[in-house]
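Peer 1: Numbered according to our numbering, the sequence shown terminates at residue 249, and the numbering increases by one at each position without gaps. Just so it is clear, CB atoms sit at the ideal spot from N, CA and C, and this is done for glycine as well. Would you mind keeping the following structure in view while I ask a few things?
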Amino acid sequence: MNSVYGNKWSCDRGFRRNRNGCVPIAIPANAYLTPAGDQWNCERGFKRIKESCVEIEVPENGYLVDSTYGDSWKCDRGYRADRNGCTAVVIPEHAFATNTTYGSGWECERGFREVDGACSQIVPPENGFLSDSTSGSGWDCNRNFRPVDGACVKIVPPEHAYLSGSVYGSGWACDRGYRAENETCAAVVLPDNAHLDYTGNDWECTSPYRRQNGACVLE
Numbered sequence: 031m032n033s034v035y036g037n038k039w040s041c042d043r044g045f046r047r048n049r050n051g052c053v054p055i056a057i058p059a060n061a062y063l064t065p066a067g068d069q070w071n072c073e074r075g076f077k078r079i080k081e082s083c084v085e086i087e088v089p090e091n092g093y094l095v096d097s098t099y100g101d102s103w104k105c106d107r108g109y110r111a112d113r114n115g116c117t118a119v120v121i122p123e124h125a126f127a128t129n130t131t132y133g134s135g136w137e138c139e140r141g142f143r144e145v146d147g148a149c150s151q152i153v154p155p156e157n158g159f160l161s162d163s164t165s166g167s168g169w170d171c172n173r174n175f176r177p178v179d180g181a182c183v184k185i186v187p188p189e190h191a192y193l194s195g196s197v198y199g200s201g202w203a204c205d206r207g208y209r210a211e212n213e214t215c216a217a218v219v220l221p222d223n224a225h226l227d228y229t230g231n232d233w234e235c236t237s238p239y240r241r242q243n244g245a246c247v248l249e
């Protein structure tokens, strides 16, 4: 039995209540009774239109998918939906199909990048290597080098500095007690009643003094 009506009786599986009786559920062709037994669904490869199950037309180079909304088919890899059919994706040399419904439908192989609808080889400069990024130049510089005008230039820290390992900025940072000034590291000059701050590259006043015009003064 399926759902209960009231507290006295319910219809057998394959029947539904109609006023004070139970009538058979009319199951159309290419349909089946659901596990609950009180309604029906269309078989795979068919879709419900009113009270019938109509065969889903799958275009050439397409396949059925189980979907409760949208299209009931998708295109094979290397094809994409175009109105009611599947059109082949034109893939340039050194590219592969992505099987997506957006964009070009293809991506360049590693070591290549998209340029004007084609895949152009990425040639890293000396002391450079291929990166995993899909944007930018497609290459990064080795450690201790940084990109400058399409080349990888060695980072030479000034006196009292060390390599920071950062891909941004100069690539070096000043030792504790020094601060960057142009391309050098100058000693931080502490006024009276001051100490190095948490960065080590500047100073702050010791309580209860406060900073004013390069000195530490009492309020």
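1) With contact counted as at least three CB pairs below 8 Å, one residue from each stretch, are the segment 103-122 and the segment 82-94 in contact?
2) Return the chain-ordered list of same chain residues with a C-beta closer than 7 Å to the C-beta of LEU193, the five sequence neighbours on each side being excluded.
3) For HIS225, does the three-state DSSP call read helix, strand or coil?
4) From ALA216 to LEU226, what distance separates their C-alpha atoms?
5) In chain order, what residues of the same chain have a beta carbon less than 7 Å from the beta carbon of ASN32, not counting five sequence neighbours either side?
6) Which runs of the beta strand (DSSP E) spanning at least 3 residues fall entirely within the segment 73-101, listed in chain order?
7) Which same chain residues end up closer than 6 Å to ALA125 when comparing Cβ atoms and leaving out the 5 residues on each side of it in sequence?
8) Assuming GLY207 contacts GLY230 (C-beta within less than 8 Å), just tell me the rounded distance between them.
9) May I have the straight-line CA-CA distance separating GLU234 from ARG241, to the nearest angstrom?
10) Using the C-alpha atoms, what's the distance from LEU220 back to LEU248?
11) Less than 8 Å between the C-beta atoms of ILE55 and ARG47, yes or no?
12) Taking ASN91 as the reference, give the member of LYS80, TYR109, PHE76 with the closest Cα.
13) Whose C-beta lies closer than 7 Å to the C-beta of GLU213 among residues of the same chain, with five residues either side of it excluded?
14) Keeping to the same chain, check which residues put their C-beta closer than 6 Å to that of ALA181; ignore five residues upstream and five downstream.
15) Relative to the C-alpha of ASN60, which residue among PHE142, GLU73, LYS38 is closest?
16) Closest by CA to SER165, which one among THR117, GLY141, ASN172?
17) What number of angstroms, rounded off, separates the C-alpha of CYS246 from the C-alpha of SER161?
Peer 2: Judging by the given coordinates:
1) yes
2) ASN174, ILE185, PRO187, GLY201, TRP202
3) strand
4) 14 Å
5) Note that ASN32 scores a pLDDT of 45, beneath 50, so its modelled location is shaky; the value from the coordinates is reported in the next line. Excluding residues within five positions, the ones whose Cβ falls inside 7 Å are SER40, CYS41, ARG43, ALA66, GLY67, ASP68.
6) 76-79, 82-85, 92-94
7) TRP136, CYS138, CYS149
8) 6 Å
9) 7 Å
10) 16 Å
11) no
12) TYR109
13) PRO188
14) PRO155
15) GLU73
16) GLY141
17) 49 Å
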